[in-house]
Each structure stands twice: as structure tokens, then as C-alpha cells.
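One structure is given below, encoded as C-alpha cells.
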Amino acid sequence: MTYSEDDRARAAAALYQYNIAQTGIDDRAVIGAELCDHSGRVWGGLWGRTELGLLFLDMFFLPEQLRGQSFGSQLLRTVEEEAIRRGCKKAVVETSSFQAPVFYMRHGFEEFGKVEFGIPGHARIFLRKDLL
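According to this note's numbering, the stretch in the sequence shown is residues 1 to 132, in order.
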């Protein structure tokens, strides 16, 4: 089996064009916030996209030594506020049971699905939140 990043990108672009043809809406935009030190070094951040009135959170990372100091809450709040300015009414995220489901639930997300991993006791968790 082969995999080509170029072919994947072309397929993703074609799929997005199909979505635009079906909805009449072309509003996908990247969104994110990064945690930087005084020298400009990026230590972590939250990245995703907005589309069709939804905020999709794709990746959220903070190094262990920066967790529990409100940086994650600040990054999430910053991204959610921008998503609301863009007209988003809901947010969606998927995470692993050993990652951050409790963090998201503390910030108003609710679980709406779970798929068990091949690792006993762990799962992929799907969460959503009303932004307005």
C-alpha cells in the first residue's frame, strides 16, 4: 500500500469543493492560539478550524511542566472567542481517555460518543459544546 501526501491533499481539496457545492458555503478557516515565551519560542498551543458554524479543535498541546497553570484555559478561551466572532455556535473535539477529556468537561464540553481502543480501558472520546 502506498501513501502520497500530494494525493491526499488533492482528495481533501476535491472533497471540500464537493461540500461547498452541497451547502453553498465556503467558510473554512484555520484558527489557533500559541503559547510563546519572551523570545518567541512556541511551547504549545491549540489549533483547529472553523467551518459551517462549527469550531473543530484538532490539536491541543502543552508540555507537562506548563500544565495546571491556566495556560490551557486561556488558549481555549481565546480560540472560542474568535470562533464566536466568526459565527460559530458549537465546538467539537475528539480526545483520548488518557489525554484531556476531564479538561474539556471542566470547560463545558459534554461527551456524545466513545470508541474503545484495542488497549483495555482506553477509548477515543468525542465531545461537544454550545458556544452561545
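C-beta atoms are modelled at their ideal positions from N, C-alpha and C, and glycine is treated no differently.
Simplified DSSP state of residue i, which is helix, strand or coil
i	result
residue 100	coil
residue 15	helix
residue 125	strand
residue 27	coil
residue 75	helix
residue 54	strand
residue 59	strand
residue 66	helix
residue 37	coil
residue 133	The structure shown has nothing for residue 133, since the chain only spans 1 to 132.
residue 49	strand
Own chain residues within Cβ distance below 8 Å of residue i, not counting five before or after
i	result
residue 96	117, 122, 123, 124 and 125
residue 37	43
Alpha carbon of residue i to alpha carbon of residue j, nearest angstrom
i	j	result
residue 101	residue 66	18 Å
residue 132	residue 59	22 Å
Residue i, buried or exposed, once every other Cβ within 10 Å from all chains shown has been counted against 16
i	result
residue 18	exposed
residue 9	exposed
residue 68	exposed
residue 5	exposed
6 Å Cβ shell around residue i - same chain, five flanking residues per side excluded
i	result
residue 50	29, 31, 83, 86 and 88
residue 55	83, 88 and 91
Contacting residues, own chain, Cβ-Cβ under 7 Å from residue i (five flanking each side not counted)
i	result
residue 115	123 and 124
residue 25	52
The segment 29-39 / the segment 6-16 touching (three or more Cβ pairs under 8 Å): By the Cβ rule, the segment 29-39 does not count as touching the segment 6-16, because fewer than three pairs are nearer than 8 Å.
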